[in-house]
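Engineer: The structure's right below; bear with me while I get my questions together.
There are 2 protein chains.
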Amino acid sequence: MARTPDEFWQRQRIRVLTGHRVAGLDISNRRVRVSEPDGRERDEAYDLLMVATGSRPIVPSWENSRAAGVFSVKTLPDGPAIVSWLKDHPVREAVVIGGSYIGLEVTENLLARGVAVSLIEQAPELMGTLDADMGALVTRKTRALGVMVYTGESVQGLEAHDGVVSAVVTDRRTLPADVVILGMGVEPESTLWAAAGLPLGVRRAIPVNDRMETSVPGIWAAGDVTETRHLVARRTQYLPLATIANKGGRVAGLNIGGQEAHFPGAVGTAITRIGPWEIARTGLTERESTAAGIPSEAVTITANTKLGYFQDTGPITVKLVVEKTSHRLLGGQIVGTAGSGKRIDVLATALHMEARVETLLDLDLAYAPPFSDVWDPVQVAARQILHRL
Amino acid sequence: MARTPDEFWQRQRIRVLTGHRVAGLDISNRRVRVSEPDGRERDEAYDLLMVATGSRPIVPSWENSRAAGVFSVKTLPDGPAIVSWLKDHPVREAVVIGGSYIGLEVTENLLARGVAVSLIEQAPELMGTLDADMGALVTRKTRALGVMVYTGESVQGLEAHDGVVSAVVTDRRTLPADVVILGMGVEPESTLWAAAGLPLGVRRAIPVNDRMETSVPGIWAAGDVTETRHLVARRTQYLPLATIANKGGRVAGLNIGGQEAHFPGAVGTAITRIGPWEIARTGLTERESTAAGIPSEAVTITANTKLGYFQDTGPITVKLVVEKTSHRLLGGQIVGTAGSGKRIDVLATALHMEARVETLLDLDLAYAPPFSDVWDPVQVAARQILHRL
Chain A
1 MARTPDEFWQ RQRIRVLTGH RVAGLDISNR RVRVSEPDGR ERDEAYDLLM
51 VATGSRPIVP SWENSRAAGV FSVKTLPDGP AIVSWLKDHP VREAVVIGGS
101 YIGLEVTENL LARGVAVSLI EQAPELMGTL DADMGALVTR KTRALGVMVY
151 TGESVQGLEA HDGVVSAVVT DRRTLPADVV ILGMGVEPES TLWAAAGLPL
201 GVRRAIPVND RMETSVPGIW AAGDVTETRH LVARRTQYLP LATIANKGGR
251 VAGLNIGGQE AHFPGAVGTA ITRIGPWEIA RTGLTEREST AAGIPSEAVT
301 ITANTKLGYF QDTGPITVKL VVEKTSHRLL GGQIVGTAGS GKRIDVLATA
351 LHMEARVETL LDLDLAYAPP FSDVWDPVQV AARQILHRL
Chain B
390 MARTPDEFWQ RQRIRVLTGH RVAGLDISNR RVRVSEPDGR ERDEAYDLLM
440 VATGSRPIVP SWENSRAAGV FSVKTLPDGP AIVSWLKDHP VREAVVIGGS
490 YIGLEVTENL LARGVAVSLI EQAPELMGTL DADMGALVTR KTRALGVMVY
540 TGESVQGLEA HDGVVSAVVT DRRTLPADVV ILGMGVEPES TLWAAAGLPL
590 GVRRAIPVND RMETSVPGIW AAGDVTETRH LVARRTQYLP LATIANKGGR
640 VAGLNIGGQE AHFPGAVGTA ITRIGPWEIA RTGLTEREST AAGIPSEAVT
690 ITANTKLGYF QDTGPITVKL VVEKTSHRLL GGQIVGTAGS GKRIDVLATA
740 LHMEARVETL LDLDLAYAPP FSDVWDPVQV AARQILHRL
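Those protein sequences? They're chains A and B, same order as listed. Heads up: the first sequence at position 3 corresponds to 3 in the numbering used here, and the numbers run straight through without jumps. Just remember that the numbering used here sits 389 ahead of the position in the second sequence, which is counted from 1.
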């Protein structure tokens, strides 16, 4: 924990009530209905209210989806709970459902513990937030790590014996499972908001303006429960990411405290890792550009992370997506070995500035043989795409 | 070598003449005087001329500065020459003169070969291209690697026995030396240009416009022999770096070939490494800002390269320099462990876009525990500096 309730009180005179649940919201009278740890309910008045209820993992209503041995990975106790299960049970086979960020990270850690992992993904390739060609690269690399990857399969339900999960049933096969991890994403915890009859946005997230105010005077919101403006798509999206939650929380706090702060939005940057492979994305994929009605051109190149005479050099694949007429950068995707992933930040920064792809070529990026080639891979990609535009 | 003369001919019908020296330039008659390998001279006519004579290492006119065992590190044969010397002689003590990029890189490699290194730097701290506080960090880290660092000392001359270097004499002491490496920077190889009576710029480099044309019609130049426009300082500088040479060369080639290309300039990004320490800079330092008459504010913070529960996390120190009134980012400096150095690219990209420091806070940079903290260190620095502005 970053800070305990006691530290909040000692350092900032903030009263933190844990084990309390807010059961209802009465905006006319500016009151919340609080359910205390012993179950008693009482009303608490507010002048200003901040809603930061976050998100909850998606758990489909499959048969046995709440059996023992089935875990989501969202809150702090989820980690120790899984570790305890692995210690207390003879776990040889794990099934991970969902081949995106959480799914890959859990897979990596199960592999490190010597557990055989089957990874099920409904989409044709792992990492559905990448384009299919980059996703296919992740699928191949993940298989090469010894993971049984089943793409294009959907889970029908779970099997259990005596309340303990024993298998996962897909539309194609039954996979025995000593433990099942769900990595199917999250949804906003906006039950309170919906119950009060207040308007919800994309995927039932709470809409806020760039000061993090909701549509209700005196009520603010930030984090995984809110919508976020996507600066490249130029519309709101649901982007439940820690970086965005932190920025929104800071801006809400400054405004509540009487300052003037704004959170313009995000460009959809994310990063993860499986084994030696770093995977990152920012902006719009080719598929997302098409869906948003933006005509795009894309190029994918493979280069080295550093000069070839270093033993620890490795491949880095960069995909760039550019708007056809304006040459505006729309997004980028990277899959590569150590030192690849954080290069996405150059593209994320360029997206914030609405840079054209020509500008990428001019960037004075750091070069020395242990760090990069003279032309950084993102610039090699920019050079390639200019030939096509 | 990237390509041999034969490959140039086979692939592109480019005739490469090695061992030929251009001894004179006659712009009135569009001819160069060529000295052939056998010493004979002849004239060669040109329609268009590209000058890419590069730079040469600075070798002061000290006594014995050309003795055997004294090396510069500039051309391809310099590396093998040093390696041969180390093999053929009982080298126990090396003296490296100059504590910047080349000096540190050579020191790292000598240490790896078990040679005791004394490193002499005239300035008060190593890495004179950083501000003194960041340079002091590099000095401390380098000392901790076992290097004898002598800062604020200037070399008076070298001693030699039978034509072989034996010691380096500074204004404070005499250091025995079995080998001496000069890392004192480079200067433009503009002898030809000067001899033709043509105008020279900063540090005797050749001035060019953003199409890489010189002041002489039909003559182009690029690389270490030319000046470069510094986009933050908004004036020309001498920046002999491979990245800039490559960009300028590409633009010159495109223009000579009939296309229209421009090289707007650079922001002075550079990176190096010694032991586990990555060192990078971009834009203007605090000292350079003052020298350029730009009132600035600066802040230095230390954070972790990734979340604290990773064993391979380490410190990263970031210094930001910002223009006082406009809040325009002026530059950044980074010293830290693995994964630190290339973060300078976010700042370099922001400099190209003339970003204000407020924008750094909004950047949607990639976060996952193995890669970064939720607030990237460059954003932690941006937050700090905003408190001061």
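From the three backbone atoms N, C-alpha and C, an ideal C-beta is built for every residue, glycine too.
How is residue 321/A classed by DSSP in three states: helix, strand or coil?
Structural biologist: DSSP places residue 321/A in strand when its eight states are reduced to three.
Engineer: Does the distance from the CB of residue 671/B to the CB of residue 736/B come in under 7 Å?
Structural biologist: Yes.
Engineer: Can you pull the chain A residues whose beta carbon is under 8 Å from the beta carbon of residue 759/B, in chain order?
Structural biologist: Result: 273.
Engineer: Give a yes or no on whether 7 Å exceeds the smallest Cβ distance from residue 344/A to chain B.
Structural biologist: It does: the Cβ of residue 344/A has a partner Cβ on chain B nearer than 7 Å.
Engineer: Counting only runs that start and end within the stretch 482-523 of chain B, where is the beta strand (DSSP E) found for 3 or more residues in a row?
Structural biologist: Qualifying beta strand (DSSP E) stretches, in chain order: 482-486, 505-510.
Engineer: Based on DSSP bridge pairs, tell me the residues matched to residue 277/A.
Structural biologist: Answer is 274/A.
Engineer: Straight-line CA distance for residue 714/B to residue 684/B?
Structural biologist: If I take the Cα positions, the gap works out to 8 Å.
Engineer: For the beta strand (DSSP E) containing residue 330/A, name the first residue and the last one.
Structural biologist: Taken as a continuous stretch (DSSP letters only), the beta strand (DSSP E) holding residue 330/A covers 329-336.
Engineer: Rounded to a whole number of angstroms, what is the C-alpha to C-alpha distance between residue 645/B and residue 664/B?
Structural biologist: Near 43 Å, if we compare the C-alpha coordinates of residue 664/B and residue 645/B.
Engineer: Can you tell me whether residue 83/A is buried or exposed? The criterion is at least 16 other CB atoms within 10 Å of its CB, across all chains shown.
Structural biologist: Exposed, since its Cβ has fewer than 16 Cβ neighbours within 10 Å.
Engineer: So, helix, strand or coil for residue 450/B, using DSSP?
Structural biologist: Residue 450/B falls in the coil class under three-state DSSP.
Engineer: Who are the neighbours of residue 742/B on chain A, taking C-beta pairs under 7 Å?
Structural biologist: Simply 353, 355.
Engineer: Run through chain A and tell me which residues come within less than 9 Å of residue 728/B, C-beta to C-beta.
Structural biologist: Per Cβ cutoff of 9 Å: 338, 339, 342.
Engineer: Work out the CA separation of residue 212/A and residue 259/A for me, nearest whole Å.
Structural biologist: Each residue's Cα considered, the two are about 13 Å apart.
Engineer: Just to confirm, are residue 374/A and residue 631/B a CB contact at a threshold of 7 Å?
Structural biologist: Against a cut-off of 7 Å, the Cβ pair of residue 631/B and residue 374/A comes out as a contact.
Engineer: By alpha-carbon positions, which one of 415/B, 444/B, 565/B, 740/B ends up nearest to residue 462/B?
Structural biologist: For residue 462/B, the nearest C-alpha among the options comes from 444/B.
Engineer: What do you get for residue 273/A, buried or exposed, if any count of 16 or more other CB atoms within 10 angstroms of its CB means buried?
Structural biologist: So residue 273/A counts as buried.
Engineer: Closer than 8 Å by beta-carbon distance: list the chain B residues that pair up with residue 246/A, in chain order.
Structural biologist: Simply 763, 764.
Engineer: If I'm right that residue 465/B touches residue 585/B with Cβ under 8 Å, what's the distance once you round it to whole angstroms?
Structural biologist: Rounded, the Cβ-Cβ distance is 28 Å, inconsistent with contact.
Engineer: Would you kindly check if the distance between the Cβ of residue 344/A and the Cβ of residue 138/A is under 7 Å?
Structural biologist: Their beta carbons are not under 7 Å apart, which means residue 138/A does not touch residue 344/A by this criterion.
Engineer: Do three or more CB pairs link the stretch 351-360 of chain A to the stretch 326-335 of chain A at distances below 8 Å?
Structural biologist: Yes: at least three Cβ pairs fall under 8 Å.
Engineer: Does DSSP put residue 311/A in a helix, in a strand, or in coil?
Structural biologist: Of the three classes helix, strand and coil, the one that applies to residue 311/A here is coil, per DSSP.
Engineer: Could you tell me whether any Cβ in chain A is nearer than 7 Å to the Cβ of residue 394/B?
Structural biologist: Not closer than 7 Å to any Cβ of chain A, the Cβ of residue 394/B fails to qualify, so no.
Engineer: Which ranges does the beta strand (DSSP E) cover as unbroken runs of at least 3 residues, wholly within the stretch 121-203 of chain A, from first to last along the chain?
Structural biologist: DSSP runs (the beta strand (DSSP E)) wholly in the stretch 121-203 of chain A: 148-151, 155-161, 164-170, 174-176, 179-182, 186-188.
Engineer: Pull the bridge partners of residue 432/B from the DSSP assignment, please.
Structural biologist: Answer is 422/B, bridged to residue 432/B.
Engineer: So with Cβ pairs under 7 Å, would you call residue 702/B a contact of chain A?
Structural biologist: No, residue 702/B lies away from the interface with chain A (no Cβ there is under 7 Å from its Cβ).
Engineer: Find the residues of chain A that neighbour residue 669/B, judging by a C-beta separation of less than 7 Å, and give them in chain order.
Structural biologist: Near residue 669/B (Cβ distances below 7 Å), the residues of chain A are 366.
Engineer: Given that residue 441/B touches chain A, what residues does it touch there, using C-beta distances under 8 Å?
Structural biologist: Per Cβ cutoff of 8 Å: no residues; residue 441/B is ~15 Å from chain A at best.
Engineer: Short of 9 Å Cβ to Cβ, which residues in the stretch 54-81 of chain A face chain B?
Structural biologist: Cβ contacts with chain B come from no residue of the stretch 54-81 of chain A.
Engineer: State the DSSP-derived secondary structure class of residue 356/A, mapped to helix, strand or coil.
Structural biologist: Three-state result, residue 356/A: strand.
Engineer: Can you tell me the Cβ-Cβ gap for residue 180/A and residue 168/A, rounded? I've got them flagged as a contact below 8 Å.
Structural biologist: Confirmed, about 6 Å.
Engineer: As a quick exercise: from 446/B, 406/B, 442/B, pick the residue whose alpha carbon is nearest that of residue 427/B.
Structural biologist: Nearest option by C-alpha distance: 406/B.
Engineer: For residue 82/A, name the three-state secondary structure that DSSP assigns.
Structural biologist: In this structure, residue 82/A counts as helix in the three-state DSSP scheme.
Engineer: For residue 439/B, write down the residues that DSSP places opposite it in a beta bridge.
Structural biologist: Note: residue 439/B sits in a beta bridge opposite 609/B.
Engineer: If the cut-off is 7 Å on Cβ atoms, which residues from the stretch 609-629 of chain B count as contacting chain A, listed in chain order?
Structural biologist: Within the stretch 609-629 of chain B, no residue qualifies.
Engineer: Taking residue 349/A as the query, report the chain B residues whose CB atoms sit under 7 Å from its CB, ordered along the chain.
Structural biologist: Here the neighbours are 735, 738, 739, 752.
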